[in-house]
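The block underneath contains the structure these notes are about, expressed in structure tokens.
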Amino acid sequence: MRRLSSSRIGLLALFLLFEMLSATAQKSAAGLDREQLYREGARYLQQGDLAHAQEIFEKLVRIAPNFAEGRQSLGRSLLFSGKTDQAIAQFQRALTIKPTLLAARISLSEAFSAKGDYEQAIGEARKAVQLSGRDAEARRTLGRALSHHADLSAALAELKLATELAPKRADLHDDHGALLARNSEPEAAASEFAEALRLDPKFVAAKIHLGVVRWKQHSLGDAQQLLKSAVVAAPQNVQAHYYLARVLGEKGDSQGALRELQAAVKLQPGFADAQSQLGLALQRTGDAAGAVAVFRQVVASQPASADAHNNLGLALIQIGDAPSAVEEFKAALRIQPDDAGYRGNLGIAYLHRADFDAAIAEFRTALQGTPDDATLHYNLGLALKLKDSLAAAVEEFQKAAQLDPKQADIHYTLGVTLWQQGEFSQAIAELRAATGIRPDYAEAYYTMGTVLKQQGNLSEAASTLREAIRLQPDFAGAHTTLAGVLRQLGDSAGAAAESKLGAEMAKSANALQAATFSTNSGRRFLNAGDFEAAVSQFRSAIVQSATYAPAHYYLAMALKAQGKTEEANAEFRKAAELDPHLQPPSP
0 MRRLSSSRIG
10 LLALFLLFEM
20 LSATAQKSAA
30 GLDREQLYRE
40 GARYLQQGDL
50 AHAQEIFEKL
60 VRIAPNFAEG
70 RQSLGRSLLF
80 SGKTDQAIAQ
90 FQRALTIKPT
100 LLAARISLSE
110 AFSAKGDYEQ
120 AIGEARKAVQ
130 LSGRDAEARR
140 TLGRALSHHA
150 DLSAALAELK
160 LATELAPKRA
170 DLHDDHGALL
180 ARNSEPEAAA
190 SEFAEALRLD
200 PKFVAAKIHL
210 GVVRWKQHSL
220 GDAQQLLKSA
230 VVAAPQNVQA
240 HYYLARVLGE
250 KGDSQGALRE
260 LQAAVKLQPG
270 FADAQSQLGL
280 ALQRTGDAAG
290 AVAVFRQVVA
300 SQPASADAHN
310 NLGLALIQIG
320 DAPSAVEEFK
330 AALRIQPDDA
340 GYRGNLGIAY
350 LHRADFDAAI
360 AEFRTALQGT
370 PDDATLHYNL
380 GLALKLKDSL
390 AAAVEEFQKA
400 AQLDPKQADI
410 HYTLGVTLWQ
420 QGEFSQAIAE
430 LRAATGIRPD
440 YAEAYYTMGT
450 VLKQQGNLSE
460 AASTLREAIR
470 LQPDFAGAHT
480 TLAGVLRQLG
490 DSAGAAAESK
500 LGAEMAKSAN
510 ALQAATFSTN
520 SGRRFLNAGD
530 FEAAVSQFRS
540 AIVQSATYAP
550 AHYYLAMALK
560 AQGKTEEANA
570 EFRKAAELDP
580 HLQPPSP
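In numbering that gives the first Met the number 0, the protein residues as written are 0 to 586.
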């Protein structure tokens, strides 16, 4: 065999040494790159920059495919981006490489929960607990998974243990509080949320959660303070705006509620609950046309929601579009055929169409399911009254009064119907019942005064009519009727004064009625996109009654739609001067 010379052996040794040093250097450089990429990706992940985090972690697993922590971190970035299946694959690969990697096991459970596979989520969470039973995050993950599976008692036990293992973690107290709230334990929940805020006074989620608990407990001042603080701290948080709006609405701050709901819908246009509440808020502030537009969006996004169709139907009635309202209530009933409320609303829509037979049929059908519903008996009575079936109407009003004796309108309408039947004494008794329940009921005093006049009880008629005028000084009919009573009593001067006032007020009322009609007509044109016709109708309304605020407001809306910003702003200002509730819509 040929032997190598000593010089060649030396060269070979040097070559092998060089190769070993080179390999070691490459391995060291690779390790350095791995750690650097891992830290960089973690920084992006912490900042919420998911795209860059994913890019870095993908690069990391290419150069270090068996680095389990790298795959776990890539999975987290994918999970937070909504790529659940890809995330699951990375977590499973990480666990194949390193079965004891607790973070990957916890993340895998969270991913299965996000996918709705709660059995798998619970299984993975239990494995995490087996790996480390004293780990608070593992316990929280198991608690969350169990809560999705409707095992609240077991979930609460896990979250309670998690807070005991890590008592200084505000997020654990917040999670525990959320579960307690779900379990109808508001005070215990509030205690946990308060502890979370003690540990972290800037914790927005805990502020919202505690604010919602206080709202449901009707502690509206505390709720408003907490939710307002959450909105200031996190103006992009939809839930903070939404729940603040609910609180403001209950406090009677309609404009504030409207502002917060508009903010919530702007942040999340598909938030159906916020849209529905926005529609209701617009109705409360008198913007029925705006409510219709919002409810149409809700119906478009939730065509299978009976409530959405019902809300749209009610708003359509408010703007005078009863035929369209009928179709919406029918749609609601196709979804929930046995709902007496929807059927009753369909009856009301038929009433507005003057289709009394159809209304009567719907009310009677609704009463078959809810025979003790006072409102349905009352509405059936109205339909029968409008059809001149007075005896049957009286019977329904009496049933309604028996079921709900504290409802002033029932006694009032029953009194009017009895009067029309010539039953003066019974009519007066019902009208007195109405004013006893509602002492500021000017119409009831006016009608009672009229009946007393026809009875010949002139002195009492005069005092009753004066009470109606005291409650409503611009009540033209009360002034005119009082003039007739005073004339019969021999008070010619008083009669002349009241007659003059009545005539002036009737003229003003007619102008307001005409302005209202023109404004409603203009709103229909506005909704149809015919801005020129809308502007014409609104200007006509202002000529008829210059102080009618809605005419100025909707003229501003039409001018804004035409791009005439300065004119629109001037009309918005005029509307707000006449009625502070009418504020320009948010940009």
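Ideal Cβ placement from N, Cα and C applies to all residues, glycine included. This structure is a prediction, so every number in the text was calculated from the model and none was measured.
In terms of residue numbering, what span does the alpha helix (DSSP H) encompassing residue i cover?
i      : result
GLY468 : The sequence as given places Ile at residue 468; Gly does not occur at that position. Run containing ILE468: 457-470, per the alpha helix (DSSP H) assignment.
LYS241 : Per the sequence presented here, residue 241 reads as Tyr, with Lys not at that position. Counting along the chain, the alpha helix (DSSP H) containing TYR241 begins and ends at 237-249.
ASN378 : 373-385
TYR411 : 407-419
ILE427 : 423-436
GLN454 : 441-454
ARG168 : Element bounds for ARG168: n/a, residue is neither H nor E.
THR564 : 564-577
TYR117 : 117-130
LEU318 : Going by the sequence as given, residue 318 is Ile instead of Leu. Neither: ILE318 is in no alpha helix (DSSP H) and is coded neither H nor E.
GLU361 : 355-368
PRO549 : 548-560
SER108 : 101-114
GLY269 : Counting along the chain, GLY269 falls outside any alpha helix (DSSP H), and DSSP gives it neither H nor E.
ALA391 : 389-402
ASN344 : 339-351
THR284 : Counting along the chain, THR284 falls outside any alpha helix (DSSP H), and DSSP gives it neither H nor E.
HIS147 : 135-147
LYS58  : 49-62
PRO185 : 185-198
Would you mind stating whether residue i and residue j have Cβ atoms separated by less than 9 angstroms?
i      : j      : result
LEU316 : ALA365 : At residue 316 the sequence reads Ile, which differs from the Leu that was named. No, these two residues do not count as a Cβ contact at 9 angstroms.
LYS227 : LEU209 : no
GLU531 : TYR552 : no
GLY346 : ALA358 : yes
ALA305 : GLN274 : no
ALA180 : ALA188 : yes
LEU171 : LEU155 : no
HIS410 : ALA433 : yes
ARG245 : ALA256 : yes
ARG33  : PHE66  : yes
LEU451 : LEU488 : no
GLY47  : PHE56  : no
LEU383 : PHE355 : yes
LEU413 : GLY380 : yes
LYS398 : ALA360 : no
SER535 : GLY521 : yes
ALA110 : PHE90  : yes
LYS250 : LEU225 : no
ARG437 : ALA400 : no
SER112 : ARG61  : no
Could you check which residue in the options has the C-alpha nearest to that of residue i?
i      : options                           : result
LEU402 : LEU379, PHE66, PRO370 and GLY220  : PRO370
LEU417 : GLN406, GLY435, SER190 and GLU395 : GLU395
GLN512 : TYR547, ALA428 and ALA533         : TYR547
ASP320 : GLN301, LEU350, ALA339 and ALA303 : LEU350
PRO268 : VAL237, SER253 and ASP356         : VAL237
THR449 : GLY132, ILE427 and ARG437         : ILE427
HIS308 : GLU68, TYR341 and LEU94           : TYR341
VAL212 : SER190, GLN235 and ASN378         : SER190
SER471 : ALA494, ARG138, MET504 and ARG486 : Correcting the residue identity first, residue 471 is Gln in this sequence and not Ser. Per the Cα distances, MET504.
GLY421 : GLN454, SER72 and ALA400          : GLN454
VAL203 : PRO234, SER183 and GLU184         : PRO234
HIS147 : ALA137, SER218, THR162 and LYS114 : LYS114
ASP286 : PRO302, ILE318 and ALA303         : ILE318
SER183 : LEU151, ILE87 and LEU160          : LEU151
GLN45  : LEU59, VAL60, ALA63 and SER76     : SER76
ALA271 : ASN310, ALA127 and GLY251         : ASN310
GLY278 : LYS250, GLY312, ALA303 and PRO302 : GLY312
PRO200 : THR463, LYS167, ALA461 and TRP214 : LYS167
Below 8 angstroms on the Cβ atoms is my contact criterion, and I expect residue i with residue j to pass it. Report the Cβ-Cβ distance as a whole number of Å.
i      : j      : result
LEU589 : ALA169 : The structure shown does not extend to residue 589, since the chain spans only 0 to 586, so no value can be given for it.
GLU123 : LEU145 : Not really, about 12 angstroms apart at Cβ, beyond 8 angstroms.
ALA550 : ALA540 : 4 angstroms
LEU206 : ALA229 : Per the sequence presented here, residue 206 reads as Lys, with Leu not at that position. With 8 angstroms as the limit, LYS206 and ALA229 qualify as a contact, their Cβ atoms being about 4 angstroms apart.
LEU49  : SER80  : 5 angstroms
ALA502 : PHE474 : So it is not a contact: roughly 13 angstroms between Cβ atoms.
ARG486 : ALA477 : Wrong, their Cβ atoms sit about 15 angstroms apart, outside the cutoff.
ARG138 : GLU118 : With 8 angstroms as the limit, ARG138 and GLU118 do not qualify as a contact, their Cβ atoms being about 19 angstroms apart.
LEU94  : ALA88  : Not confirmed; about 11 angstroms, so no contact.
GLY40  : LEU59  : 6 angstroms
**Study point:** Touch test, the region 294-305 against the region 252-263, Cβ-Cβ under 8 angstroms, three pairs minimum
**Key:** no
Point to revise | Sufficient close CB pairs (3 or more, under 8 angstroms) joining the region 270-289 to the region 478-492 | key: Contact fails between the region 270-289 and the region 478-492, because fewer than three Cβ pairs, one in each stretch, are under 8 angstroms apart.
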